[in-house]
Amino acid sequence: MPVVVVTDSSACIPQESADACGIQVVPLHVLRDGCDLREGVDAMPSDLSGVTTAGASPAELSEAYARALDMSDGDGVLAVHISRQLSGTWEAGRVAAQEFGGAVRIVDSQSAGMGLGYPALEAARLAEKGASLEEAYGRAVDVASRGRCYIVVDKLDQLRRGGRIGTAAALLGTALAMKPILHLVDGKLVLGEKTRTTTKALARLVDSAVERAGLGRVAIAVHHMRARERADAIAEQLAERIPDVAESVVTDFSAVIGAHVGVGAIGVVVCPLPEIDTSA
21 MPVVVVTDSS
31 ACIPQESADA
41 CGIQVVPLHV
51 LRDGCDLREG
61 VDAMPSDLSG
71 VTTAGASPAE
81 LSEAYARALD
91 MSDGDGVLAV
101 HISRQLSGTW
111 EAGRVAAQEF
121 GGAVRIVDSQ
131 SAGMGLGYPA
141 LEAARLAEKG
151 ASLEEAYGRA
161 VDVASRGRCY
171 IVVDKLDQLR
181 RGGRIGTAAA
191 LLGTALAMKP
201 ILHLVDGKLV
211 LGEKTRTTTK
221 ALARLVDSAV
231 ERAGLGRVAI
241 AVHHMRARER
251 ADAIAEQLAE
261 RIPDVAESVV
271 TDFSAVIGAH
281 VGVGAIGVVV
291 CPLPEIDTSA
């Protein structure tokens with residue numbers, strides 16, 4: 021069996037894609053009214069505005085890594101997780117991996133959504149071709165470093181309450197009635213260009229993604245929080261303006277991310293891909 025890739029539910033990988041590549045997805049947690057709900061396992065509340073979230077624990081990850089290692093027949097496990105700046109999952113994974121020596125490698129994607137989903141998919145696809153654990157690790161790190169994630173939210177309040185952006189930045193955006201474009205930079209969520217309206221923010225979101233894509237092969241993803249029509253329109257614009265789209269998905273934000281970005285949020289991940297080796 022090839023190296024097995026493990027990720028977490030914040031990756032937003034479509035289930036059929038995860039199944040096709042044998043990727044194991046560990047649920048993160050939504051906490052509400054004393055209930056601990058596992059994303060992808062338990063039914064989620066329709067209203068996420070009052071919930072809190074939690075990453076996977078070392079025990080949960082240890083169990084997932086052990087199961088994946090058995091599936092690989094000892095070839096190894098590559099775990100690609102949400103940015104350590106946004107969740108404690110990477111640190112929990114680092115602790116869990118110590119039980120397995122060098123058989124489990126951990127990647128901090130420094131991203132979220134398909135910003136970690138595409139590195140996981142690309143590493144799994146390489147592993148299916150017989151790549152070693154180190155080769156799969158290198159691919160995931162490379163693809164993660166290429167990706168960029170841009171987000172537009174209707175309100176900054178939930179990100180502030182969840183500690184994902186600073187209070188001063190959130191209050192400034194709210195006081196000035198700004199619609200900022202949020203970027204993930206070195207794994208941290210930061211305020212980027214500020215616009216006056218959602219329409220202008222989304223237009224700039226598309227421009228930023230197109231600029232990042234360049235002329236080479238690229239994978240794109242559009243995530244949304246109960247804004248499917250808006251997301252589909254963004255995806256169509258990207259398809260028209262980016263010349264070489266190798267892969268494109270439109271998905272809901274995971275519940276763990278959605279709890280922080282709020283209803284109406286749109287996220288775009290653009291991930292320039294490595295050149296295909298045709299020498300073989």
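Each residue of the sequence shown is one higher than the last, beginning at 21 in our numbering. For each residue, glycine too, the CB sits at the ideal point set by N, CA and C.
Distance from the CA of Val230 to the CA of Gly54, rounded to the nearest whole angstrom, comes to 43 Å.
With respect to the 8 Å criterion, Thr218 and Val172 are classified as neighbours on the basis of their beta carbons.
Taken through DSSP and simplified to helix, strand or coil, Thr217 comes out as coil. The beta-bridge partner set that DSSP reports for Ile201 consists of Val172. Leu51 is bridged by DSSP to Asp56 and Thr72. Look at Gly282 here: in three-state DSSP terms it is coil, with no helix or strand label.
Assigned with DSSP and collapsed to three states, Gln257 falls in helix.
Taking the CA atoms as reference points, Asp227 sits about 11 Å from Val288. Boundaries of the beta strand (DSSP E) around Glu267: Val265 to Asp272. With a threshold of 16 other beta carbon atoms within 10 Å, Lys149 falls short and is exposed. By the Cβ rule, the segment 277 to 286 counts as touching the segment 235 to 250, because three or more pairs are nearer than 8 Å. The three-state reading of DSSP puts Leu153 in helix, counting H, G and I together.
In this structure, Val270 and Ala251 form a Cβ contact; the two beta carbons are roughly 5 Å apart against a cut-off of 8 Å. Using a Cβ-Cβ distance cut-off of 8 Å, the segment 26 to 36 and the segment 137 to 147 are in contact, since at least three pairs of beta carbons, one from each stretch, lie closer than that value.
If you look at Arg125, you'll find it in the beta strand (DSSP E) that goes Val124 to Asp128.
The beta carbons of His203 and Tyr170 sit closer together than 8 Å. Put simply, the backbone Cα of Leu153 is about 10 Å away from that of Gly94. Nearest Cα to Ser165 within the set Asp28, Leu293, Thr27 and Ser29: Leu293. Taking a contact as a CB-CB distance under 8 Å, the pair Gly60 and Ser29 counts as one, their CB atoms being some 5 Å apart. Taking the C-beta atoms as reference points, Val24 is found nearer than 8 Å to Gln44. According to the DSSP assignment, Val23 belongs to no alpha helix (DSSP H), since it is labelled neither H nor E.
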